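-11 is the number of the first residue of the sequence shown in the working numbering; add one for each residue after it.
Virtual Cβ for every residue (Gly too), placed ideally from N, Cα, C.
Just so we're clear, the structure is a prediction, and the values are computed from it rather than from any experiment.
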Amino acid sequence: MDTPFVLHITNSPPEIERISALMDSFQLPSVTVQTIQEGLDRLDILNPSVILLSLPPKNYMERFHEIEELAKQALDRFMPLFIIGDPPSDSEKEKLFKQGPFDFVTRPVDELFFQHLLQGRITFKRKLDQALSEQERVDERSADSTLPRALEIILIDDDPITLEILKQQFSSLRIENHFIEVKKFTNGADFIATDWYDRERYYAIILDGIMPKMTGFEVLTHIRSTYPQKNILIFMLTSRSGPLDMEQSLEAGADDYITKPFKPKEVALRVHRLTKRLFK
């Protein structure tokens, strides 16, 4: 997929005009379909880099089952999904975010932030497609071993509450053909100082962006400049107010970023999906 491509789902003429103009200003080709079902039917034909779903200003729960299916199909294909709409109620928000990881963009859309977020997701999708393609070639050349592999999930965050919540979430994670061990660190400097790397193991590192002693970005650049990339996945935890940080993190070698505030289940789901696909 050389040229990024956006699939927009809406039946609102003003929204079509508004988003089409926005995509033109971002220099991103796009196509619009009228219904979620039409979008689902054409996912594999169009193979978009990103899916945008614009919701009308009414009860989201009227379309809940369709949104649920769209989120599932997008996640299965590793397609970033954006939902654009008015701020949901607390109950709507809870039900929506149970459907899996996606970005909710509230109206009125902050165009600069949206552009950075969109480009970041497209960059991630491109990197993921390249990694999967490379992994498939490796699998074709090598005999598959059925022995379980060791996967270390390393949590690095200076907030002890966040660390404990994530540790509890990942302690119950199960990935076929993998032994999972969870480790936690309160800052990047302590982590770097340990003799943590073993080339026979696989690693998923969840790394906070803002920490004392060493920033998450400094830890990220150290890892990528010191160790092989093939058996290390890095997930950056970043603030929604820092879109430039997101781009810089991806360019420096992060495999994905997760914006705060986040749901622990969302973090675990992303790690599970990516490790299962790349470390098979």
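Looking at the unbroken alpha helix (DSSP H) that takes in residue i, where does it start and where does it end?
i: residue 91; result: Counting along the chain, residue 91 falls outside any alpha helix (DSSP H), though it belongs to the beta strand (DSSP E) covering 91 to 94.
i: residue 173; result: Looking at the DSSP string, residue 173 is not in any alpha helix (DSSP H); the run it does join, the beta strand (DSSP E), is 166 to 173.
i: residue 77; result: It is not in any alpha helix (DSSP H) - residue 77 carries neither H nor E in the DSSP assignment.
i: residue 31; result: 31 to 34
i: residue 51; result: Segment: none, residue 51 is in no alpha helix (DSSP H) and carries neither H nor E.
Let me know the secondary structure DSSP gives residue i once reduced to three states.
i: residue 241; result: coil
i: residue 269; result: The structure shown has nothing for residue 269, since the chain only spans -11 to 268.
i: residue 12; result: helix
i: residue 163; result: coil
i: residue 198; result: coil
i: residue 263; result: helix
i: residue 66; result: coil
i: residue 97; result: coil
i: residue 42; result: strand
Once the 5 residues before and after residue i are set aside, which same chain residues still bring their CB inside 7 angstroms of it?
i: residue 146; result: 174, 175, 196, 199, 200
Name the one or two DSSP bridge partners that residue i has.
i: residue 190; result: 139
i: residue 18; result: -6
i: residue 144; result: 173, 195
i: residue 180; result: Its beta-bridge partners do not exist; DSSP assigns none.
Among the residues of its own chain, which have a CB less than 6 angstroms from the CB of residue i, if the five just before and after it don't count?
i: residue 116; result: 66
i: residue 14; result: 103
i: residue 73; result: 43
With a threshold of 8 angstroms on Cβ separation, who are the neighbours of residue i within its own chain once the five nearest residues in sequence on each side are excluded?
i: residue 108; result: 231, 234, 235, 238, 245
Cα-Cα, which of the options is closest to residue i?
i: residue 190; options: 64, 97, 263; result: 263
i: residue 155; options: 169, 164, 163; result: 169
i: residue 250; options: 207, 157, 35, 18; result: 157
i: residue 40; options: 2, -6, 16; result: -6
i: residue 161; options: 178, 148, 141; result: 141
Would residue i pass as an interface residue toward chain C - the criterion being a Cβ-Cβ separation below 8 angstroms?
i: residue 260; result: No chain C is present in this structure, which holds just one protein chain.
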